[in-house]
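Take a look at the structure below.
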Amino acid sequence: MFAPSLLRLGLAIGLAGQSYASPSTPPIHTRDDLSDTPIPIVVWHGLGDQFNSDGMKSIQALAEEIHPGTFVHIIAIDEDPSQDQMATFKGNVSDQVSKVCEELAKHPILSTAPAIDAIGISQGGQFLRGYVERCNWPQVRSLVTFGSQHNGIIDFRSCGATDWLCKGAMGLMRFGTWSKFVQSTLVPAQYYRNPATEADYNKYLENSNFLADINNERELKNQKYKANLSKLTNFVMWMFEDDDLVIPKESSWFEEVNGTEVIPLRARELYQEDWLGLRELDRNGGLRFRSAPGKHLENLSELLNETITNYCGPWRRTFESEMRDSGDSSWVGSETNWDVDPPTDEAHLFQLIDHSILTPNEPQTCDHNHTIIPTAPMTTSNNGPSAATNGDAIPKIGPHPGTISSSNQYTSELKLRRMLKDHGCDPARQDNYRLQGVQLIENVREYLQLPVRTFDTACTYFHKFRLNFRDVEYNYQDAALASLFVACKVEDTIKKSKEILAAAYNVKNPEKSVTPDDKMFENPGKIIICLERLILETIGFDFRTRYPQKLLVKVVRDIFGKEDGKPFFETAYAMCIDIYKTFVPIKRTTFSMVMAVVELTALMTEQHIDRVQEYAKTKRQYHWGSVMETMLDILDLYVQHGKSTKVGAQFDQNKIIDIKIRLNNDLDKAFEPRYLYYCSRCEAEDPQPSTPASATSPATSTSWPGDGKRTVKGPEGTLRFVFEPEAALREREITEGFFKEEFEEYEVEVEEP
Numbered sequence: 010m011f012a013p014s015l016l017r018l019g020l021a022i023g024l025a026g027q028s029y030a031s032p033s034t035p036p037i038h039t040r041d042d043l044s045d046t047p048i049p050i051v052v053w054h055g056l057g058d059q060f061n062s063d064g065m066k067s068i069q070a071l072a073e074e075i076h077p078g079t080f081v082h083i084i085a086i087d088e089d090p091s092q093d094q095m096a097t098f099k100g101n102v103s104d105q106v107s108k109v110c111e112e113l114a115k116h117p118i119l120s121t122a123p124a125i126d127a128i129g130i131s132q133g134g135q136f137l138r139g140y141v142e143r144c145n146w147p148q149v150r151s152l153v154t155f156g157s158q159h160n161g162i163i164d165f166r167s168c169g170a171t172d173w174l175c176k177g178a179m180g181l182m183r184f185g186t187w188s189k190f191v192q193s194t195l196v197p198a199q200y201y202r203n204p205a206t207e208a209d210y211n212k213y214l215e216n217s218n219f220l221a222d223i224n225n226e227r228e229l230k231n232q233k234y235k236a237n238l239s240k241l242t243n244f245v246m247w248m249f250e251d252d253d254l255v256i257p258k259e260s261s262w263f264e265e266v267n268g269t270e271v272i273p274l275r276a277r278e279l280y281q282e283d284w285l286g287l288r289e290l291d292r293n294g295g296l297r298f299r300s301a302p303g304k305h306l307e308n309l310s311e312l313l314n315e316t317i318t319n320y321c322g323p324w325r326r327t328f329e330s331e332m333r334d335s336g337d338s339s340w341v342g343s344e345t346n347w348d349v350d351p352p353t354d355e356a357h358l359f360q361l362i363d364h365s366i367l368t369p370n371e372p373q374t375c376d377h378n379h380t381i382i383p384t385a386p387m388t389t390s391n392n393g394p395s396a397a398t399n400g401d402a403i404p405k406i407g408p409h410p411g412t413i414s415s416s417n418q419y420t421s422e423l424k425l426r427r428m429l430k431d432h433g434c435d436p437a438r439q440d441n442y443r444l445q446g447v448q449l450i451e452n453v454r455e456y457l458q459l460p461v462r463t464f465d466t467a468c469t470y471f472h473k474f475r476l477n478f479r480d481v482e483y484n485y486q487d488a489a490l491a492s493l494f495v496a497c498k499v500e501d502t503i504k505k506s507k508e509i510l511a512a513a514y515n516v517k518n519p520e521k522s523v524t525p526d527d528k529m530f531e532n533p534g535k536i537i538i539c540l541e542r543l544i545l546e547t548i549g550f551d552f553r554t555r556y557p558q559k560l561l562v563k564v565v566r567d568i569f570g571k572e573d574g575k576p577f578f579e580t581a582y583a584m585c586i587d588i589y590k591t592f593v594p595i596k597r598t599t600f601s602m603v604m605a606v607v608e609l610t611a612l613m614t615e616q617h618i619d620r621v622q623e624y625a626k627t628k629r630q631y632h633w634g635s636v637m638e639t640m641l642d643i644l645d646l647y648v649q650h651g652k653s654t655k656v657g658a659q660f661d662q663n664k665i666i667d668i669k670i671r672l673n674n675d676l677d678k679a680f681e682p683r684y685l686y687y688c689s690r691c692e693a694e695d696p697q698p699s700t701p702a703s704a705t706s707p708a709t710s711t712s713w714p715g716d717g718k719r720t721v722k723g724p725e726g727t728l729r730f731v732f733e734p735e736a737a738l739r740e741r742e743i744t745e746g747f748f749k750e751e752f753e754e755y756e757v758e759v760e761e762p
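Here the sequence shown is numbered in our numbering, starting from 10 and rising by one per residue.
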């Protein structure tokens, strides 16, 4: 329906453009202006499209269907449709934005409306953002972009065999990107940005005609851009998960991509120093990240339907705030105190509290790592009087009794899936980040010659942290290194944050090693220390972890003896490292993990199977269901990501699949579920699709919007961490009596005069 962009997206910032001020005397709107009449919508189409295409007409029809009476204005750079299409390839973008500013300011309907909503398709998204920053009159309420190149592109896409217009434009861009002619003539070149090296980045800053300016990336910042963009009520950014036209696709979310490393917006200097007002907009709950399955602009009609329904419509409508809490894609706004800046400049870490705090009379809930228990049913707060009571009893007034957080050592597969769904995780990146994070911990551990206990603890903390925070809120490499930093303290193998950062750098760049006192580690070191606090709160200050390697040595010796078990132990030990690339360590006990590793090693090597099974029968703590689930989780890892593991790459894939089929058949014969504590009814009630049967990948093949509501820590009461849930419940029972209210009901007859 829509002509897709012919470019691959990347990273970006562009050059100057003319600014337009709003009229000195703005229109005065009466009460009738603020009625339920929907405000107008302005649409800027993408590369290769034109203002009168069927796709643009369908947007007008869709808006009228959803919000009857909506006026939709399609931006046209030229009145001739063919010339308007040509303008998406050829022209000066800054001049085009200036022209749009003038036209909208003079438009008889748009200029007199209380505000407008704006929808940008592909490159039209960053062009509309340029309009908001430079002009913003009429003022934009909701800015929605679909697959836009907010952080630029790093590559140009090949054109079709007969698309000579595209071929000519792309040829010029590839061989003269930073020439004055190309930057003032060819549209895609004006949001090209590839900061692979410092020299490339400097060329971009010096020569970019558009993106470097609207991203406010040059040394002199335009404060008007920041002020205008922060005035938005909603800034919705849609990214397509399988986008192969926008390179990198993460540009749609302002994310920086450097090789295999993806730096989320909130971890970038652009956000932390608030060059564009995005941080302020985020504080107000208006910055919204959305992802959709499919390629560039796939299923756009459905997304437009959702967008126009949720973010357009009457001027008086209200929008749910998405203020940042612990990583959910749903944000809580009114309860978060944004009046004080964080103690460091890592603003993207500010107030990422992972606890779900209950108000006194709410039921108890728990996440994978915490059980939150109010210590008593609070009757009134000290901020105001209570509701009216029956009689003359004076309500109790006193301090909030506080809240207790109690850690949970184990969780179930179903709970893991729900947590990831509630956070709106991107399945395409979920497994990749987890595998790369654990591998980074292993590489740094080997470089620093740390014991395997530290590795076990770091991976456990890393998994728990990622279950509490969304990927867009932190860099997974920072989380991995921070987890290792905390683990070093817990296991008494203390390393400074800069030592860990230097080791990670040297592992990645062995030919150019650096020392920990290098200045490049100053800011990353602060991030690691800031993340340390979040990790401690995530685990509830409960430092108990499991170390299967020690028990593995004992079990192998018991079965095979000291000498005969050495060849078997080598494979089993490597598998014991691989197991930390799954969520098994936060699901199973040490003995279950060890027995699963031993049995699976015997099956894969086809050695000593009978001896292992006989040994298992002699152990009363052996639980067949737990061991089977763990073995299948490990096999899922080897089938899906065999090359990223130590053992999976050593065995034939067909053999691994055969073992997996055999184990599944054994479960079927025993009428046992694939996962323990599995709730079929809960799964059936879940409106979203379930995760494939894999603990390695507890995310679905489609993108889920986060629907979990999590509250942030309120200003009242003290949050305490307690290791024993039973002790917390006992404390609540003791204190409950002091806050209990008793009422007497009585009737009084009153004579009417």
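Backbone N, C-alpha and C fix where the C-beta goes; we use that ideal spot for every residue, glycine too. These numbers were taken from a predicted model, which means no experiment stands behind them.
Worksheet item: Which one or two residues does DSSP pair with Ala-127 in a beta bridge?
Response: Answer by DSSP bridge pairing, in chain order: Val-51, Leu-152.
Item to complete: Specify the secondary structure class of Lys-749 as computed by DSSP and reduced to three states.
Response: In the three-state reduction of the DSSP assignment, Lys-749 falls in the coil class, being assigned neither a helical nor a strand state.
Worksheet item: Given that a residue counts as buried once 16 or more other Cβ atoms are within 10 Å of its Cβ, and exposed if not, what is Asp-677?
Response: Its Cβ having fewer than 16 others within 10 Å, Asp-677 is exposed.
Worksheet entry | Bounding residues of the alpha helix (DSSP H) (the contiguous stretch that carries Ser-601) | 599-614 is the span of the alpha helix (DSSP H), which, as asked, contains Ser-601.
Discussion item. According to DSSP, simplified to helix, strand and coil, what is Gln-662?
Written reply: Helix at Gln-662.
Practice prompt. Evaluate contact between the region 461-479 and the region 254-272, counting only Cβ atoms and requiring at least three cross-stretch pairs below 8 angstroms.
Written response: For the pair of segments examined, the region 461-479 was found not to touch the region 254-272: the number of CB pairs separated by less than 8 angstroms stays below three.
Fill in: Bridge partners - Trp-247, DSSP secondary structure assignment
Residue pairing from DSSP places Trp-247 in a beta bridge opposite Phe-155, Arg-299.
Discussion item. Using only CA atoms, which one of Asn-532, Gly-322, Glu-531, Ala-511 lies nearest to Ser-522?
Written reply: Of Asn-532, Gly-322, Glu-531, Ala-511, the smallest CA-CA separation from Ser-522 is found for Ala-511.
Worksheet entry | 8 angstroms Cβ cutoff met for Thr-186 and Tyr-201 | In contact: Thr-186 and Tyr-201 (Cβ atoms closer than 8 angstroms).
Worksheet item: Which residue or residues does DSSP assign as beta-bridge partners of Ile-162?
Response: Answer by DSSP bridge pairing, in chain order: Tyr-201.
Item to complete: Please name the residue in Met-529, Phe-552, Pro-519, Asn-441 whose C-alpha comes closest to that of Arg-462.
Response: Measuring from the Cα of Arg-462, the nearest candidate turns out to be Phe-552.
Worksheet item: In the DSSP assignment, what residue or residues form a beta bridge with Pro-323?
Response: Its beta-bridge partners are Pro-47.
Worksheet item: If you drop the 5 nearest sequence neighbours on each side, which residues of the same chain put their C-beta closer than 7 angstroms to that of Ala-488?
Response: Only residues of its own chain outside the window of five on either side were considered, and among them Gly-446, Phe-471, Phe-474, Arg-475, Leu-540 have a CB closer than 7 angstroms to the CB of Ala-488, listed in chain order.
Item to complete: Give me the Cα-Cα distance between Asn-441 and Glu-745, rounded to the nearest whole angstrom.
Response: If you take the alpha carbons of Asn-441 and Glu-745, they lie about 47 angstroms apart.
Item to complete: Please report how far the alpha carbon of Gly-657 lies from the alpha carbon of Asp-291, in whole angstroms.
Response: Computed Cα separation, rounded: 43 angstroms.
Discussion item. On the DSSP letters alone, give me the boundaries of the beta strand (DSSP E) that Ile-83 sits inside.
Written reply: Unbroken beta strand (DSSP E) run through Ile-83: 81-83.
Worksheet item: For Lys-99, which of helix, strand or coil comes out of DSSP?
Response: Residue state, collapsed to three classes: strand.
Worksheet entry | Alpha carbon of Glu-681 to alpha carbon of Leu-641, nearest angstrom | When rounded, the distance between both Cα atoms is 13 angstroms.
Discussion item. Just to confirm my understanding: we take Ile-503, look at its own chain, exclude 5 residues before and 5 after, and list those with CB closer than 8 angstroms. What are they?
Written reply: If you ignore the 5 residues before and after Ile-503, its C-beta comes within less than 8 angstroms of the C-beta of Cys-497, all in its own chain and listed in chain order.
Worksheet entry | Option nearest Gly-100 by Cα separation, candidates Gln-158, Ser-310, Pro-197 | The candidate whose alpha carbon is nearest that of Gly-100 is Pro-197.
Discussion item. Using a Cβ distance threshold of 8 angstroms, determine whether the region 513-528 contacts the region 553-560, with at least three qualifying pairs required.
Written reply: The answer is no - the region 553-560 does not touch the region 513-528, with fewer than three Cβ pairs under 8 angstroms.
Practice prompt. Return the chain-ordered list of same chain residues with a C-beta closer than 8 angstroms to the C-beta of Gly-574, the five sequence neighbours on each side being excluded.
Written response: Within the same chain, Gly-574 has close Cβ partners Val-565, Arg-566, Ile-568.
Worksheet item: Touching or not, the region 142-150 and the region 245-259, by the rule of three or more beta carbon pairs under 8 angstroms?
Response: Segments in contact, no.
Item to complete: Keeping to the same chain, check which residues put their C-beta closer than 7 angstroms to that of Thr-46; ignore five residues upstream and five downstream.
Response: Excluding sequence neighbours, Thr-46 sits near Gly-78, Pro-323.
Discussion item. Per DSSP, what are the beta-bridge partners of Glu-270 in this structure?
Written reply: In the DSSP output, where bridge partners are listed per residue, Glu-270 has Asn-267.
Practice prompt. Give every residue of the same chain whose Cβ lies closer than 7 angstroms to the Cβ of Phe-530, excluding the five residues on either side of it in the sequence, and list them in chain order.
Written response: The answer, listed in chain order, is Lys-507, Leu-510, Ala-511.
Discussion item. The alpha helix (DSSP H) that contains Glu-228, what's its start and end?
Written reply: No alpha helix (DSSP H) holds Glu-228; DSSP gives it neither H nor E.
Fill in: Cβ contact check for the region 412-420 and the region 237-252: 3 or more pairs under 8 angstroms
With a cut-off of 8 angstroms on Cβ pairs, the region 412-420 is not in contact with the region 237-252, counting fewer than three such pairs.
Worksheet entry | Cβ contact (3+ pairs, closer than 8 angstroms) linking the region 75-93 and the region 49-63 | Taking 8 angstroms as the limit for Cβ pairs, the verdict is that the region 49-63 does touch the region 75-93.
Item to complete: Would you check if the distance between the CB atom of Arg-555 and the CB atom of Pro-594 is smaller than 8 angstroms?
Response: Using a Cβ distance threshold of 8 angstroms, Arg-555 and Pro-594 count as a contacting pair.
Worksheet item: Can you give the beta carbon distance from Gln-135 to His-159, rounded, assuming they're within the 8 angstroms contact cut?
Response: Between the beta-carbon of Gln-135 and that of His-159 there is about 6 angstroms, and that keeps the pair under the 8 angstroms contact cut.
Item to complete: Report yes if the CB atom of Leu-449 is closer than 8 angstroms to the CB atom of Val-495, and no otherwise.
Response: Against a cut-off of 8 angstroms, the Cβ pair of Val-495 and Leu-449 comes out as no contact.
Worksheet item: So, do the region 587-603 and the region 628-642 have three or more beta carbon pairs nearer to each other than 8 angstroms?
Response: As far as the Cβ criterion goes, the region 587-603 touches the region 628-642, which means the pair count is three or higher.
Worksheet entry | Assigned exposure category for Gln-622 - 16 Cβ within 10 Å defines buried | A residue is called buried when at least 16 other Cβ atoms come within 10 angstroms of its Cβ; Gln-622 does not meet this threshold and is exposed.
Discussion item. Distance check for Ala-736 and Asp-465, CA to CA, integer angstroms please.
Written reply: In a straight line, the C-alpha of Asp-465 is about 28 angstroms away from that of Ala-736.
Worksheet item: Is it right to say Tyr-140 is buried, meaning 16 or more other beta carbons lie within 10 angstroms of its own, or is it exposed?
Response: Buried.
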